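Residue numbers (the working numbering): 92 to 425.
Glycine residues also receive a C-beta, built at the ideal position from the N, C-alpha and C atoms.
As the structure is a prediction and not an experimental result, all values here were calculated from the model.
Below is one structure, written out as structure tokens, with a few remarks after it.
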Ligand code: COA
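Right, dumping it as structure tokens:
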């Protein structure tokens, strides 16, 4: 049972959704001065999925959410909380979670969005765990969803090759069994300018000038984020392992945020994790931001890579700067 938690919380359903359109490294070679070889060796990414002009974040989020509900055998009316973690909401307001609620017809749910970059899913899970553990809520749907392609400058090779679109969802409920063993969140706002979308908010409202400056696109200090990521993945993992009284060898599956294979390998090596303890799918999807850990978790569960009793370590980092880590003892569905 985690600190301050009155009852246990388990994930009873998972789901994910990605757009059908595939954008390969070879496609990008035709759009910008890059190469498959550079992208593959520097990031591990081979291809990513990209939403079409009719698809927004709430569409993918609702699709993933519906699958998680189905997986759990829970109907939308039974939900009392929907949290969508995203940095690419359909619009500044209303929240994307309200649009998801409308799509799912989950009229009994309170809804809010959460902005924690690529740590978003873990932030959302942590919030839902505490909300359920306190007794205030019974069933929460947490969705990490982003259409980063919509805010990418496809002439900027330093960012456009890294990201893809998608959504990953988890249904959480109270339970007697172990479930979430430990969870940690953190942030360092001093790194606010390492990864950002400058325009369109109250600091720099959208205008012809912000458009001309390209402030509707992602900006990133790649090297600084890389160094931060390698350090924080290890620190956050060690903290949450200590909270749960576990060692790295007790972890059956490590699901890191899927940003760059070199970041993942470096963290895994420092944590003394073997290759078969680490889940990687960034070759297929690139960095799907708040969706990445949810997509990986759903794939791992559905493919049988995670079984009842397994201990799963989730760890993420992202814009803010933010980070989060969580250990779950997986409970097989009855
Ligand atoms: N294709 C070809 N060359 C590229 C390129 C691309 N897509 N992007 C950058 N380059 C070039 C650079 O211009 C630079 O050239 P130069 O030496 O002539 O100046 C060279 O490749 C090396 O650039 P550098 O930035 O040092 O590469 P890197 O090995 O650090 O990798 C990232 C860059 C972005 C892949 C890496 O820093 C990274 O993954 N950072 C973390 C990003 C991240 O995870 N963000 C999301 C966080 S949630």
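Query, Result
"Unbroken beta strand (DSSP E) run spanning residue 203, endpoints", "201-205"
"Where residue 122 falls, given that 16 or more other Cβ within 10 Å makes a residue buried", "exposed"
"Boundaries (first-last residue) of the alpha helix (DSSP H) holding residue 223", "211-224"
"Supposed close pair residue 186, residue 175 - CB separation, criterion 8 Å", "7 Å"
"Residue nearest to residue 233 in terms of C-alpha spacing, selected from 389, 300, 326, 216", "216"
"Those residues which DSSP pairs with residue 125 across a bridge", "Bridge partners of residue 125: none, in fact."
"Exposure of residue 270, with buried meaning 16 or more beta-carbon neighbours within 10 Å", "buried"
"Boundaries of the alpha helix (DSSP H) in which residue 326 is found, first to last residue", "313-335"
"Heavy atom of ligand 3 within 8 Å of residue 112 beta-carbon", "Of the ligands one can find in the structure shown, namely ligand 1, none is ligand 3."
"Test item: CB-CB of residue 207 and residue 278 under 9 Å", "yes"
"Nearest neighbour of residue 213, chosen from 380, 422, 424 [CA to CA]", "380"
"Contact test: residue 129 Cβ vs ligand 1 heavy atom, cutoff 8 Å", "yes"
"Helix, strand or coil at residue 171 [DSSP, three-state]", "coil"
"CB of residue 125 within 9 Å of CB of residue 116, strictly", "yes"
"Exposure label - residue 145; buried when at least 16 CB within 10 Å", "exposed"
"Span separating the alpha-carbon of residue 414 from that of residue 156", "23 Å"
"Expected contact under 8 Å - CB spacing of residue 382 and residue 258 to nearest Å", "5 Å"
"Proximal residues to residue 238 (C-beta, below 6 Å), its chain only, five neighbours per side dropped", "142, 148, 179, 256"
"Contact test: residue 342 Cβ vs ligand 1 heavy atom, cutoff 8 Å", "no"
"Sequence-distant residues of its chain with Cβ nearer than 7 Å to residue 84 (five each side left out)", "Outside the modelled stretch of the chain, which goes from 92 to 425, sits residue 84, for which no answer is possible."
"Three-state class that DSSP yields for residue 254 in the structure shown", "strand"
"CA nearest to the CA of residue 262, picked from 318, 388, 110, 132", "388"
"As assigned by DSSP and simplified to three states, the class of residue 150", "helix"
"Beta-ladder partner(s) of residue 299, from DSSP", "DSSP output for residue 299 lists no bridge partner at all."
"Test item: CB-CB of residue 397 and residue 421 under 9 Å", "yes"
"Run of the beta strand (DSSP E) containing residue 231, from where it starts to where it stops", "230-238"
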